[in-house]
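Below is one structure; the comments refer to it alone.
In the working numbering, the protein residues as written are 1 to 360.
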């Protein structure tokens, strides 16, 4: 089917059309019955627009991205609202052992490997199939040895935009050789709406369904402990402002330069789709609820933002977005007691995450 031109975001599909690495890039827009839109490019699976209303019905873009393909490719924030893999988050010193063999990955976040390496999913051109007004499938094959990992991996990601303003992301992957995998999406959410400058997230109210979190060292690698959130800045079991403890005199907050930690989500059984987090912006009334089958969720409060330009003249100051990266735990290959990220031939990797937008 032909590309749907976005009507609400001000983006133009032709600005995303280019041949990159021999493959065509484009902009794909999903539209629900109320006319609200999600726009995604097949370069990195970057989401560049989520157009939803506030409490007064005013529609704004609540995700940070770019307005043309060159800026997506050359973004100062390489993972700005893109897909992440083959292994999301960090692996200590880029090393892990599988089947008795040690693998060495690129060190792209000194002194560690981050987000599947410099040419991870965020830098891949996917084969795109828009099957209707409300769904898009992105497929890619990562060859054996890509970024130092074992196994050829086939990855399919389906985006569905429902009439209830839910963005559903479903992941499916398989391999021909034992490997490790940890897929996620690095959406930078700005519920008040992007602007110049985009407002901060400190006053937004967060409720998070996790009794435990994973502490990190000063290189953002798990210490190996799993700690209770009780009586720490990481306790969001009762709703509180994101900024309340974001600069607390706390070793973990200092190690992350704010929140950049994986929370252990409360689950009754492995792989069940459960509520993870609810974010409310008091000013606009917009809400975002996240549900996932994953055991963990990295909360990142854009601690390294620096006012970079984003789409249509808007800018992204520090802490103007928040990320809810549903995933397995960081450095899992080196922590045998963390939920396994190993994928074997004949097995299917599956994951489902839902971002539901509303107003109160």
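Cβ atoms here follow ideal geometry from the backbone N, Cα and C, with glycine treated the same way.
Under the three-state reduction of DSSP output, residue 163 falls in the coil class, being neither helix nor strand. Out of 68, 157, 244, 97, the CA that lies nearest to the CA of residue 349 is found in 157.
Partner residues in the beta bridge of residue 95, as assigned by DSSP, are 104. When DSSP states are grouped into helix, strand and coil, residue 236 belongs to the coil group. The Cβ neighbour count for residue 89, taken over all protein chains shown within 10 Å, is at least 16; the residue is labelled buried.
Taking 8 Å as the cut-off, the Cβ atoms of residue 318 and residue 302 count as close.
When C-beta atoms of the segment 96 to 108 are compared with those of the segment 125 to 136, fewer than three pairs fall below 8 Å, so the two segments do not count as touching. Residue 344 has its alpha-carbon roughly 11 Å from the corresponding atom of residue 98.
C-alpha of residue 347 to C-alpha of residue 153: approximately 12 Å in a straight line.
An exposed status is given to residue 144, since fewer than 16 other beta-carbon atoms sit within 10 Å of its beta-carbon.
In the three-state scheme derived from DSSP, where H, G and I count as helix and E and B as strand, residue 298 is classed as strand.
Judged by DSSP in its simplified three-state form, residue 230 adopts coil rather than helix or strand. Using a 10 angstroms sphere on the CB of residue 81, the tally of other CB atoms reaches 16 or more, which defines it as buried.
Taking 8 Å as the cut-off, the Cβ atoms of residue 215 and residue 225 count as close. With respect to the 8 Å criterion, residue 166 and residue 356 are classified as neighbours on the basis of their beta carbons.
Taking C-beta atoms as the reference points, residue 126 and residue 42 count as a pair closer than 8 Å. With fewer than 16 other Cβ atoms from the protein chains shown falling within 10 Å of its own Cβ, residue 337 counts as exposed.
When only Cα atoms are considered, residue 191 and residue 242 end up about 13 Å apart.
Residue pairing of residue 358 in beta bridges, as defined by DSSP: 287.
Here DSSP, grouped into helix, strand and coil, assigns residue 207 to strand.
In this structure residue 176 is exposed. Its beta-carbon is surrounded by fewer than 16 other beta-carbon atoms within 10 angstroms. Rounded to whole angstroms, the separation of the alpha carbons of residue 173 and residue 25 is 22 Å. Residue pairing from DSSP places residue 154 in a beta bridge opposite 141, 174. Taking the CA atoms as reference points, residue 27 sits about 19 Å from residue 84.
The DSSP-derived three-state label of residue 149 is coil.
For a cut-off of 8 Å, the C-beta gap from residue 284 to residue 34 is around 17 Å, too long to register as a contact.
For residue 327, the beta-bridge partners assigned by DSSP are 296.
Here residue 272 is exposed: its Cβ has fewer than 16 other Cβ atoms, across all protein chains shown, within 10 Å. With at least 16 other beta carbons inside 10 angstroms of its own, residue 37 counts as buried.
Exposed is the label assigned to residue 306, since fewer than 16 other Cβ atoms lie within 10 Å of its Cβ. Following the DSSP letters along the chain, one finds residue 255 inside the alpha helix (DSSP H) bounded by residues 251 to 256. Counting the other Cβ atoms within 10 Å of the Cβ of residue 194 gives 16 or more, which makes it buried. Around the beta carbon of residue 276, 16 or more other beta carbons sit within 10 angstroms, so the residue counts as buried. Boundaries of the beta strand (DSSP E) harbouring residue 38: 37 to 41, taken from the DSSP string.
In the three-state reduction of the DSSP assignment, residue 132 falls in the strand class.
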